[in-house]
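Colleague:
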Amino acid sequence: MLFLAVLSVASLTKAEDGACRLLGPLATSPYFQPGDIVIGAIFSIHNSVGGVNPSFTARPDPLVCKSLNYRELQYAQIVAFAVDEINTNYDILPGFKVGYKVYDSCGSGTLALMAALDFTNGQDMEFSTNSSCPTQHFVSAIIGESTSTSSLALASTFAPFRIPLISHCATCDCLSNRNEFPSFFRTIPSDSFQTTALVKLIKYFGWSWIGTVHSDNDYGNNGMSTFIRKAQKEGICLEYSVSLYRSDSKEKIQKIIDTIKTSSSKVVLIFMTTADAMILLKELYTQNVTGIQFVGSEAWVTDPILVSNEQYRFLTGAIGIGIPKKVITGFEEYLYNINIRKIYTSPLMMEFWEEVFNCTFRKKTGVNEKICTGLENLRSISHPYTDVSNLRVSYNVYKAVYLAAHAMNNLLPCGKGLEYLYRTDCVKTINIQPWQVADQLKSINFTFKTGENVYFNENVTAEARYDIVNWQMKENGKIGIVTIGYYDTAAPNGSTFWINNTRIIWAIGQSNMVSHCATCACLDDKREYPSFFRTPPSDSYQSAALVHLLKHYGWNWIGVVRSDNHYGNSGMSTFMEKAQKEGICIEYSERFYRTDSNEVREKIVNTIKTSTAKAVVAFMVTADILVLLQEIFNQNVTGIQWIGTEAWSTDPVLIAKTEFTFLLGTIGLGVQQTSIPGFKEFLYNINREDLAASPTMKEFWEEAFQCTFSNKSNSNKTICSGFEDLRERGLVYNEVTKIRVVYNAYKAVYIAAHSMNNLFSCSKSKNLNSTRCGKDLNVEPWQVLEQLKSVNVTLANGQRLIYNENGSLEVGYDLVNWQINKNGKTEVLTVGYYNPFAPSGRFFTFNNRTITWLNGQEQVPNFVCSESCTPGSRKSIKKGKPFCCFDCIPCARGKITNTTSKYT
């Protein structure tokens, strides 16, 4: 009945004035440039729309778009950029101004459909039934959308009118049906090709037992259905296959996470859109799910939004299929070229500017907000919008604009390019119909300015070429996408699929590391580094140990110097935080790296010389402090009590430096000293066969004995025989009486071996000749990872090795002191031990050795900014100084103290 009533009202309206009117407003376009010929586009420039609850009694309020999608905003800019290029290119549509109109679907199918209807109807709000249809369509071709589901709706809408829709990102094979979608084209391959590529990829690595998660939409459901069918034909088995959509309940998402965590398959194919994948990956991160080798589809695996998010570092090692990376010359500069006029004339660009620079152009009374000037510098920030280092889908948009332009250019009546422009017998007006453009697109074939030959195959889809990509950690600590191979259907038989195995970095959870020397507390984060373990303690313990050492001796006025790297910056940051909580004041804090300029080096040494703090904590690696100490020696700086970290306090390279006598009295922390039975004899046992087989040992031998194995006549060195006696050389290499870091490497080997040993179905104590005991064990790294987490090893010397939740062994430090021995040489003596796991106040245990302080004194020095006030006086903080620095003034009458505070 309601439907009939609506029809009656509509017919009455039509009968009264003979006109049809749009019931609602036109869809809004945030990006528009008028022209003789207009290319349309629909992108999700915003991610979502605000909630509107219709009452069904009045016209609903307009939908409000929320949350800018920088990737899609970049797509809109590419349309504008390409159109500007075309308008300056006389080979394409000469004499005509090309315009564009971009609609924002805001991630809403409703708004996408509204935009489609606007493109179909034109821009007239009213149409008289007595007049004929306009002969010129508003647009001749449309680019969009980014999802298969939206593109299905758009392609269905445009099909009856044969308006060409060129998608840059919709890959669902369901769109290949030419009877249903006769005017649909795409510059991205169909998922029919992607699923074949994924099957080849998984089969290449011999993975036959996997799990899959896919988006519960047209892209995911159709793609996964095709993948499963092809995978089964190739002998690949699925333990589970589950689907997820971004709006699914928490219970369903948790069920999927539990499935991934508890399943025995450790290879997971994620065939999802970015929006859905983000929900899944965020939950995997939150629940610290590790040990998974992820395989990704093109929709998310190269998405810069995911790659740039530090939360997703656990995906390092992920492998997948990506659209080939391209370069668009001049586009980066175009993105940066946003002036005040562009901002004020475009609400979209104003919104973008406010969001990027966290400011506002609209001053509100009583609200303290930063005001935008419009002169802020985009180049000063790193942002996904201006990132053109990984153009993949963006290039498909660029190509789609040129495809539409070339198709229309082919419709010019008197030839192409300048020929059309200069011929006087040609009519300079043209009525291009969308169906004509669609026909031209079917047979389009031109060479792009990049040299690429652009055409559609028989399914009017771009030829399938994919990069095979790998998520890898770069030197700057950020994730990068590295191309490790390709899948190309146009390549000759036998070379359609290729992978460079040597470039692959596997998943963090599958590449286990047991470090003997890396102590940075930054490595404690098991979400970021789930497969990292170590045998020395974390610097979080070392920082606490240094603070406890200073507090033990009552030193509260110090200077600090650190290496300008992860070790120094992270360690010193933790130290300073702990020190300040314990009432320790820091007069200066300097950082230094070995390659710093002479000016920087001299400035730091001058600071040490002129400061009043005579106790200096050096949180540095040997390579850095060696350079700094050389400058201190050159300037003859003395009278400093050095406090050292384990990285340099026991380093034999520094100890052997005779000029560093000013370091006598240094006190610091060291890795526990021990011995390894039989190791010394092992070091001496180098024969000629060993030298011949190892270039490294050959180099060592030549350097140790100042000889050469080469017979070059111009060398004045003696010829090495290989029979030289290492016992005659006093080398650091031979020194095994005070092993420290070397023992950590020794422990690491045993920990790895025991972890793998635990994977055998029969232990060493059983009969290995038994037919029931498997000898051919295929040990996977993720299996070793699980064993490392629960390792429990007792070494021959009785030391027990167990990892804590941060992947560190619960061990302490030796307290060491630089002294002169009977032979007049510098040596490092262990004078105590620090146990970070002891009860508070009992961290240090001292032996019977006497500690030597700076200048050879045996009395503990006092390093404070101000001496304690005596009874009858109180402290008065010095203006502009930290609380450790004060004057002592008499107490007020009637307020006398008879105690002396340790610090005040």
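For the sequence shown, the working numbering assigns the number 179 to the initial residue and increments by one for each residue that follows.
C-beta: ideal position from N, C-alpha, C; glycine also.
Remember, predicted model here, so these are calculated numbers, not experimental data.
#1: Can you give me the start and stop residues for the beta strand (DSSP E) that T390 sits inside?
#2: Check each candidate in P482, D802, G737 and name the one with the smallest Cα separation from W820.
#3: Which class does W733 belong to by DSSP, given the choice of helix, strand or coil?
#4: Please report the straight-line C-alpha distance between T298 and I320, rounded to a whole angstrom.
#5: In chain order, what residues of the same chain lie with their CB nearer than 7 Å to the CB of H584, ignoring the 5 residues before and after it?
#6: Could you compute how far the alpha carbon of V795 sits from the alpha carbon of E510?
#7: Any chance the stretch 508-525 sits against the stretch 483-498, with 3 or more Cβ pairs inside 8 Å?
#8: Evaluate G1072 with the Cβ neighbour count: other Cβ atoms within 10 Å of its Cβ, from every protein chain shown; 16 or more gives buried, anything less gives exposed.
#9: Q614 lies in the alpha helix (DSSP H); which residues open and close that run?
#10: In angstroms, rounded to a whole number, what distance separates the CA positions of L447 and G846?
#11: Using DSSP with H/G/I as helix, E/B as strand and the rest coil, what is V566?
#12: Using the C-alpha atoms, what's the distance from E412 back to A723?
#13: Quick one: what does DSSP say D296 is sitting in, helix, strand or coil?
#14: When you compare only the Cα positions, how much space is there between Y633 and K428?
#15: Counting C-beta neighbours from all protein chains within 10 Å, is the total for P525 16 or more, i.e. buried, or is it exposed?
#16: Which residues share a DSSP beta bridge with Y665?
#17: Please classify S329: does DSSP put it in a helix, a strand, or coil?
#18: Return the Cβ separation of S419 and I431 in integer angstroms, given the expectation that the two are a contact with Cβ distance under 8 Å.
#19: At 3 residues or longer, and completely inside the stretch 471-547: list those beta strand (DSSP E) runs for me, N to C.
#20: Measure the beta-carbon distance from S872 to I917 and round it to whole angstroms, keeping in mind my assumption that it falls under 8 Å.
#21: Would you call the stretch 781-792 in contact with the stretch 806-814, where contact means no fewer than 3 C-beta pairs closer than 8 Å?
#22: Rounding to the nearest angstrom, what Cα-Cα distance links C537 and D717 in this structure?
#23: Do L1007 and V989 have their C-beta atoms closer together than 8 Å?
#24: Express the C-alpha separation of S368 and M450 in angstroms, rounding to a whole number.
#25: For I506, verify whether its CB is less than 7 Å away from any heavy atom of the ligand HEM.
#26: Buried or exposed for S567, please, with buried defined as at least 16 other CB atoms from any protein chain shown within 10 angstroms of its CB.
#27: Restricting to Cα atoms, I'd like to know which of P342, D262, D214 is closest to Q614.
#28: Select from T452, G749, Y924 the residue whose C-alpha is nearest the C-alpha of G856.
#29: Any idea what DSSP makes of F887, helix, strand or coil?
#30: N776 lies in the alpha helix (DSSP H); which residues open and close that run?
#31: Tell me whether W1031 sits in a helix, a strand or coil according to DSSP, three-state version.
#32: Measuring only the C-alpha atoms, how far is A669 from K378?
#33: Does the Cβ-Cβ distance between D396 and C352 come in under 8 Å?
#34: Helix, strand or coil: how does DSSP classify V910 here?
#35: CB S226 to CB C284, shorter than 8 Å?
#36: Is the CB-CB distance between A699 and G746 below 8 Å?
Modeller: Looking at the coordinates:
#1: Looking at the DSSP string, the run of the beta strand (DSSP E) that includes T390 is 387-393.
#2: Looking at the Cα atoms, G737 is the closest of the given residues.
#3: Three-state DSSP puts W733 in coil, outside helix and strand.
#4: Whole-angstrom Cα-Cα distance: 10 Å.
#5: Correct list, in chain order: I270, I622, F624.
#6: Between V795 and E510, the C-alpha separation is close to 47 Å.
#7: The stretch 508-525 is not in contact with the stretch 483-498.
#8: Answer is exposed; the Cβ neighbour count stays below 16.
#9: 612-620 is the extent of the alpha helix (DSSP H) around Q614.
#10: Taking the straight line from one Cα to the other gives about 51 Å.
#11: Reduced to three states, the DSSP call for V566 is coil.
#12: Rounded to the nearest angstrom, the gap between the Cα atoms of A723 and E412 is 58 Å.
#13: If DSSP states are grouped into helix, strand and coil, D296 belongs with the helices.
#14: Straight-line measurement puts the Cα of K428 at about 45 Å from the Cα of Y633.
#15: Counting the other Cβ atoms within 10 Å of the Cβ of P525 gives fewer than 16, which makes it exposed.
#16: Within the DSSP secondary-structure output, Y665 pairs in a beta bridge with Y644, F675.
#17: Of the three classes helix, strand and coil, the one that applies to S329 here is helix, per DSSP.
#18: S419 to I431, Cβ: 16 Å. No contact.
#19: Taking only runs of at least 3 residues, the beta strand (DSSP E) segments lying wholly in the stretch 471-547 are 471-474, 497-500.
#20: Under the criterion of beta carbons closer than 8 Å, S872 and I917 do not qualify as touching, at roughly 22 Å.
#21: Taking 8 Å as the limit for Cβ pairs, the verdict is that the stretch 806-814 does touch the stretch 781-792.
#22: If you take the alpha carbons of C537 and D717, they lie about 39 Å apart.
#23: No Cβ-Cβ contact shorter than 8 Å links L1007 with V989.
#24: Taking C-alpha positions only, M450 is separated from S368 by approximately 15 Å.
#25: Summarising the ligand content, the structure contains no ligands, and the ligand HEM is consequently not present.
#26: Its Cβ having fewer than 16 others within 10 Å, S567 is exposed.
#27: Residue P342 is the option with its Cα nearest to Q614.
#28: Ranked by Cα distance from G856, the first of T452, G749, Y924 is Y924.
#29: F887: coil per DSSP, three-state reduction.
#30: Unbroken alpha helix (DSSP H) run through N776: 776-788.
#31: Residue state for W1031 is assigned as coil, using DSSP reduced to three classes.
#32: Each residue's alpha carbon lies about 15 Å from the other.
#33: One thing to note: D396 has its Cβ within 8 Å of the Cβ of C352.
#34: V910: helix per DSSP, three-state reduction.
#35: C284 sits close to S226, with the two beta carbons spaced by under 8 Å.
#36: It is not a contact, given that the beta carbons lie outside the stated cut-off.
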